[in-house]
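This report concerns only the one structure given below.
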Amino acid sequence: MAAPMEETSSNSTPSLSPENSDAGHQTTFPAVPSGSRGTDDQKDNSTNASVDTKEKERGIYASYQHNACLRRVNFASQHHPNVKFLLQAINKLGSDFVIGKQVCCERCSTENNVSGGFDPIRNEVIVCENRSPTQRLTSMLLTHELIHAYDHHKAKVDWTDLKAVACSEIRAANLSGDCSFLSEKFYRWNIGAKYNNKACVKRLAVSSIIATRDLSREEADKTVDGVWETCFHDYAPFTDIPHKAADLKFSRFSKYYDPR
Numbered sequence: 001m002a003a004p005m006e007e008t009s010s011n012s013t014p015s016l017s018p019e020n021s022d023a024g025h026q027t028t029f030p031a032v033p034s035g036s037r038g039t040d041d042q043k044d045n046s047t048n049a050s051v052d053t054k055e056k057e058r059g060i061y062a063s064y065q066h067n068a069c070l071r072r073v074n075f076a077s078q079h080h081p082n083v084k085f086l087l088q089a090i091n092k093l094g095s096d097f098v099i100g101k102q103v104c105c106e107r108c109s110t111e112n113n114v115s116g117g118f119d120p121i122r123n124e125v126i127v128c129e130n131r132s133p134t135q136r137l138t139s140m141l142l143t144h145e146l147i148h149a150y151d152h153h154k155a156k157v158d159w160t161d162l163k164a165v166a167c168s169e170i171r172a173a174n175l176s177g178d179c180s181f182l183s184e185k186f187y188r189w190n191i192g193a194k195y196n197n198k199a200c201v202k203r204l205a206v207s208s209i210i211a212t213r214d215l216s217r218e219e220a221d222k223t224v225d226g227v228w229e230t231c232f233h234d235y236a237p238f239t240d241i242p243h244k245a246a247d248l249k250f251s252r253f254s255k256y257y258d259p260r
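Under UniProt numbering, the first residue of the sequence shown carries the number 1, and numbering increases by one thereafter.
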């Protein structure tokens, strides 16, 4: 996704008090035999211990998830050819883009399909640690977001311009491996339909715009169509859609769409 994560958090904190409490009304309860009170106390203690254990387990799992994400990001930066190539390309533009500083693993909302993003203000790539559980997905996500980072530094993208956003989304979907035959057929299970790279790129670009901008599908389709020819055939910093390490050669020029 081209934009940073769109999660919004409320400033108000929900009260832990009972909703129907009445401070002005006191109720007298009958005395409880000491034996029963002891049993109830034991049940309460058991329940509290169970809750504490579950909270601890969730905390341990969240920590494991975060550390695993960091390991996958680090591995991709050292071993994945596309990620390494893009990092070199970004740094050739004069940007001091460092994986340890500019890539963050964060827990993201499960209410949408967003699995990462690029924050142009902070110059950061965000990887959703709970949405990228494998090395392949993490590497592909990094490639996608680093293309946005490259566009940001190369073309000085105005991320409020929908045409520029659409162009970067087309390029990211096309060059990251999101629409490879393997991704379409074996990871998205689009087995019935004939493989169509262009249709996949257009579909993912439109979906990304809708997910990060307040736009209807019709408007997103129209925006993508308006910059399609130029942006689909802009492979910078590659010379072509990269399929293997041998394809990783620097392009001298970028045809990146410039609406100005």
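Note that beta-carbon positions come from the ideal geometry of N, C-alpha and C, so glycine has one too.
- How many angstroms separate the CA atom of residue 240 from the CA atom of residue 142? One-based indexing of the sequence shown puts residue 240 at position 240. One-based indexing of the sequence shown puts residue 142 at position 142. Going from the Cα of residue 240 to the Cα of residue 142 covers about 19 Å.
- Three or more C-beta pairs closer than 8 Å, one from the segment 102–111 and one from the segment 159–170: is that the case here? At 8 Å Cβ cutoff, the stretches do not touch.
- Is it the case that the Cβ atoms of residue 150 and residue 93 are separated by a distance below 9 Å? Here residue 150 refers to the residue found at position 150 of the sequence shown. Here residue 93 refers to the residue found at position 93 of the sequence shown. With respect to residue 93, residue 150 sits close: the two C-beta atoms are nearer than 9 Å.
- Message: What does the alpha-carbon distance come out to for the pair residue 138 and residue 132?
- Response: Along the sequence shown, one-based indexing puts residue 138 at 138. Along the sequence shown, one-based indexing puts residue 132 at 132. Going by the C-alpha atoms only, they are around 5 Å apart.
- Query: Taking the alpha carbon of residue 100 as the point to measure from, which residue in 71, 111 and 121 has its own alpha carbon closest?
  - Reply: Translated into positions along the sequence shown, residue 100 becomes position 100. Nearest C-alpha to residue 100: 71.
- Return the CA-CA distance between residue 204 and residue 61, expressed in angstroms with no decimal places. For this step, residue 204 is matched to residue 204 along the sequence shown. For this step, residue 61 is matched to residue 61 along the sequence shown. In this structure, the straight-line span from the alpha carbon of residue 204 to that of residue 61 is close to 31 Å.
- Using three-state DSSP, classify residue 111 as helix, strand or coil. Against the sequence shown, residue 111 aligns to sequence position 111. Looking at residue 111 - three-state DSSP - the assignment turns out to be coil, as it is neither helix nor strand.
- Beta-carbon contacts of residue 201 that lie in its chain and below 7 Å, excluding the five residues immediately before and after: Numbered from its first residue, the sequence shown carries residue 201 at position 201. The residues 170, 173, 174, 179 and 232, in chain order, have a CB closer than 7 Å to that of residue 201 in the same chain once the five nearest residues on each side in sequence are set aside.
- Item | Residues bridged to residue 128 (per DSSP) | In the sequence shown, counting from the first residue as 1, residue 128 sits at position 128. In DSSP, residue 128 forms a bridge with 106.
- Task: Would you tell me roughly how many angstroms separate the C-alpha atoms of residue 224 and residue 82, rounded to the nearest one?
- Result: By 1-based counting over the sequence shown, the position of residue 224 is 224. By 1-based counting over the sequence shown, the position of residue 82 is 82. The alpha-carbon separation between residue 224 and residue 82 amounts to approximately 25 Å.
- In this structure, does DSSP put residue 119 in helix, strand or coil? Within the sequence shown, numbered from 1, the residue matching residue 119 stands at position 119. Residue 119: strand per DSSP, three-state reduction.
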